[in-house]
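When we follow the UniProt record's numbering, the leftmost residue of the sequence shown carries the number 1, and every step to the right adds one.
What follows is a single structure, written as structure tokens, with notes after it.
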Amino acid sequence: MDNCWRENKNQFLLAFFAFLVLKRIVKKVRLSYLLVGHTHEDIDSTFSNISTTLNKKDVFTIDHLLQTIKESFQKQNTSVSLLKYVFNYRDWFMPNIRTPSHHTEPHAYKFELVNEEVDLSFKRFAMDPEWTQLKPALLSHLPTGPIPLVRFSWRKQLPVDEIEEKIQSCSVKLPHQSMIWWGNFTDNLRKEQMKWSEASAATLISDGGCFLSYLKPHADVVPFSKMSEDDARRNEHIDMLMEKSQRTPRVRI
1 MDNCWRENKN QFLLAFFAFL VLKRIVKKVR LSYLLVGHTH EDIDSTFSNI
51 STTLNKKDVF TIDHLLQTIK ESFQKQNTSV SLLKYVFNYR DWFMPNIRTP
101 SHHTEPHAYK FELVNEEVDL SFKRFAMDPE WTQLKPALLS HLPTGPIPLV
151 RFSWRKQLPV DEIEEKIQSC SVKLPHQSMI WWGNFTDNLR KEQMKWSEAS
201 AATLISDGGC FLSYLKPHAD VVPFSKMSED DARRNEHIDM LMEKSQRTPR
251 VRI
């Protein structure tokens, strides 16, 4: 993951992974962060596909944008959707977290279930040989109950009237069907504003719920009694590459 403490390295993300292990949804979680100064990552090339496609065609509506993003990938099973709400994991986890400190420093974390508690270990860099165990456990209790929705804030959004003015100013360039789409969009936007402004805390909880409730515990994998020759050769090759990557030749003159 990108080494950004604000989105990717906070106590709630660590609590989320600990929760997955404690609920036995997964057996183990290994979490690694990119080093400062990294230049290339898979996600970068993913977004470059989108920008390349958008440079070649005009997009007039949000639905058209979603379809264009989907078309920018050759894989047939690509799915693109509009995120309409998010769950409030922060408030859900908060009463059950033992607040950590200095957790933004390590670049590698490991979560495992040991004696009915999540063993959280960390190290400064992924290549460091030794793990340091965090005690006591990050989660004091297992969170229960539905996960509420985050109340949407309109403070930083353009007023609907201003959106309509901007759309109207582009009416000469927009196709007729796109103008109809934007008219429906602004009508629905006003309804959404009314719904969120009137939603009580109880409503945010009752309308919550989460995909986590649909996840089943993992099945234990039966280990192979004997390693095949191909696997043995592959492991030997991996060990050789790892040893080579950690070798530091002596500089000579």
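For every residue, glycine included, the Cβ atom is placed at its ideal position computed from N, Cα and C.
Note that the structure is a prediction, hence the values are computed from the model and not measured.
At which residues does the alpha helix (DSSP H) containing leucine 66 begin and terminate? 62-71
Output the distance between the C-alpha atoms of threonine 61 and glutamine 67, rounded to the nearest integer angstrom. 10 Å
Exposed unless 16 or more other CB atoms sit within 10 angstroms - verdict on histidine 107: buried
Residue nearest to glutamate 105 in terms of C-alpha spacing, selected from Ser81, Glu116, Thr132 and Leu82: Thr132
Residue closest to methionine 202, alpha-carbon to alpha-carbon, out of Pro175, Ile167, Ser213 and Pro148: Note on residue identity: the sequence assigns alanine, not methionine, to residue 202. Cα-wise, what sits closest to alanine 202 is Pro148.
Cβ neighbours of valine 80 in the same chain (closer than 8 Å, five flanking residues each side left out): So the list reads Leu66, Gln67, Ile69 and Lys70, once near-sequence residues are dropped.
From leucine 204 to serine 101, what does the alpha carbon distance come to, in whole angstroms? 31 Å
Buried versus exposed, by CB contacts within 10 Å (16 or more), proline 143: buried
Helix, strand or coil, according to DSSP, for threonine 132 in the structure here? Three-state result, threonine 132: strand.
How many angstroms separate the CA atom of cysteine 210 from the CA atom of phenylalanine 16? Answer to the nearest angstrom: the Cα atoms are 13 Å apart.
Environment of alanine 126 [buried if 16+ CB atoms lie within 10 Å]: exposed
Those residues which DSSP pairs with serine 121 across a bridge: Lys110 and Gln133
Is there contact between the segment 168-186 and the segment 116-126, where contact requires at least three CB pairs shorter than 8 Å? no
Name the DSSP beta bridge partners of arginine 30, please? Lys110
So, at 7 Å on beta carbons, what are the nonlocal neighbours of threonine 99 in its own chain, with the 5 sequence-adjacent residues on each side left out? Excluding residues within five positions, the ones whose Cβ falls inside 7 Å are Gln11.
Whether or not the segment 43-62 and the segment 240-247 are in contact is what I'm after, with contact meaning three or more pairs of Cβ atoms, one per stretch, closer than 8 Å; do they touch? no
Would you say phenylalanine 152 and tyrosine 85 are within 9 Å of each other, going by their C-beta atoms? yes
Can you tell me which of Arg24, Ser171 and Tyr109 puts its alpha carbon nearest to the alpha carbon of leucine 134? Tyr109
Can you tell me the Cα-Cα spacing of tryptophan 196 and alanine 18, whole angstroms? 32 Å
Those residues which DSSP pairs with leucine 142 across a bridge: Per DSSP, none; premise fails for leucine 142.
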